[in-house]
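Some notes on the structure that comes next.
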Amino acid sequence: MKRLKFACIAVVVGLWHCGDDGEKGTSPVATIDSPQAPRALSVERIGDGEVWLNWQAVEGEDEVLYVVYRSVGDDAAVAIDSTFETRYKDQGLRYELEYTYRVTAINGGGESGLSNAVSGQPLNSLTPQRPTSVRAVAHHLEVLGQLDIALDWADNAETDLAGYRVYRSTEQGFAPTLEHLLMQVSGPSFIDVEIEVGTVYYYRITAIDLGGKESKGSEEVSDVALPSPVPLVPVAGQEAAAPLTFTWNRLPEARAFRVIVTTSLTSGEVSDIPLTSDTTAVFTGRIKDGRLVALEPGQMYYWKVVASTHVEGIENSVSRVESFKVAE
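Laid out in structure tokens, this is it:
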């Protein structure tokens, strides 16, 4: 559906020509009549926070832009939208108000008069669907000063949606009651910064509409900000012989670890070590241009380990950087 914001259209065409005697002449100005007012405007149906309108197309016009006007009570009617269709859905409305509508038509000749008026008061009969696809991802990145759990979920489709409520507990299987209400937000995401390292937090999300109807709680999700892993071997620039074996402490809530080896403290990654759920990883070399390349003997390298509570290895916490030298 083509749709434009309200605009007045006026076209006047002037035709000029030169007569046979060389004198300048003028032709009559071509005019276009403005269209007739739309007829038979009616309320097609009323829904939750919605009023659906339709009307008859203006006869004798190839393409007409229709402008929808709306008023409440004694307020003046205001153009709220325009459309080339002969139906319109007004949404996100308040249930306690009755809305009055009129429609005009616009062509090259101008705007028509107003159509007949119709009124409708939106309903609030349906409870929103409970949110789905909820995710929780914790972060404990000391270098960045970041400690939080980021939540996101699929946006609900209801047009009368007011927002979402985020419920939290430290107990699994909790009910989303007022004592667990953390925040009401307008969009499908929230970052919880009031957390502690090592504490597992459980979340459920509900949707709430403009009339206060609240959905059932979403499926429960959880996450925990992990303590930073502690590198154990090799550390402090000690010499390490091939095959290089990296070891770090165990974190009970961690599900995956990734070792990163670099040529400097901050850059030059050379590692190619798969994710592991263990607390050790072996590095024999990395593939470059189709061949295995080992670390250079006598060279100083740096390493750190990234811990995750997700099997796909989403970064949760990161260890300090340690150094080692490859044995010659």
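According to our numbering, the sequence shown is numbered sequentially starting from 44.
Think of the CB as a built atom: it goes at the ideal place given N, C-alpha and C, for glycine as much as any other residue.
- In the displayed model, glutamate 185 falls within a helix according to three-state DSSP.
- Rounded to whole angstroms, the gap between the alpha carbons of glycine 311 and glycine 241 is 31 Å.
- Counting every other CB atom within 10 Å of its CB across the protein chains shown gives serine 168 a total below 16, marking it as exposed.
- Residue pairing for tryptophan 346: DSSP places it in a beta bridge opposite Val304 and Glu365.
- Apart from the 5 residues on each side of it in sequence, valine 361 sits with its Cβ closer than 8 Å to the Cβ of Leu184, Glu185, Val186, Ser271, Pro272, Lys347, Val348, Val349 and Ala350 in its chain, given in chain order.
- At a cut-off of 3 residues, the continuous stretches assigned as beta strand (DSSP E) that sit fully inside the stretch 217 to 273 are 224 to 228, 232 to 235, 243 to 252 and 264 to 267.
- Contact check for threonine 249 against threonine 290 fails: the beta carbons are separated by 9 Å or more.
- Tyrosine 345 and threonine 288 do not touch by the CB rule: their CB atoms are close to 16 Å apart, not below 8 Å.
- Annotation: the continuous beta strand (DSSP E) that includes phenylalanine 326 extends over 323 to 326.
- By the 16-neighbour rule on beta-carbons within 10 angstroms, serine 314 is buried.
- Exposure of phenylalanine 127 is indicated by the presence of fewer than 16 other C-beta atoms within 10 angstroms of its C-beta.
- Ranked by how close their Cα comes to the Cα of leucine 84, the residues Ser212, Gln99 and Thr74 have Gln99 in first place.
- Per DSSP, the unbroken beta strand (DSSP E) holding glycine 163 starts and ends at 161 to 163.
- The stretch 64 to 113 contains, as complete beta strand (DSSP E) runs of 3+ residues, the segments 67 to 69, 82 to 90 and 93 to 99 (chain order).
- Counting only residues of its own chain and dropping the five nearest sequence neighbours on each side, phenylalanine 233 has a CB closer than 7 Å to the CB of Leu194, Val209 and Met226.
- The shortest C-alpha to C-alpha distance from lysine 256 to any of Leu269, Gly230 and Leu204 is the one to Leu204.
- Within the same chain, Cβ atoms closer than 8 Å to the Cβ of isoleucine 251 are found at Pro171, Leu204, Ala205, Gly206, Tyr207, Arg208, Gln227, Glu257 and Ser258, the five residues on either side in sequence being excluded.
- With fewer than 16 other beta carbons inside 10 angstroms of its own, glycine 188 counts as exposed.
- Shown here for valine 94: same chain residues with a beta carbon closer than 7 Å to its own, the five before and five after excluded, namely Val86, Asp133, Leu136, Tyr142, Gly163 and Pro165 in chain order.
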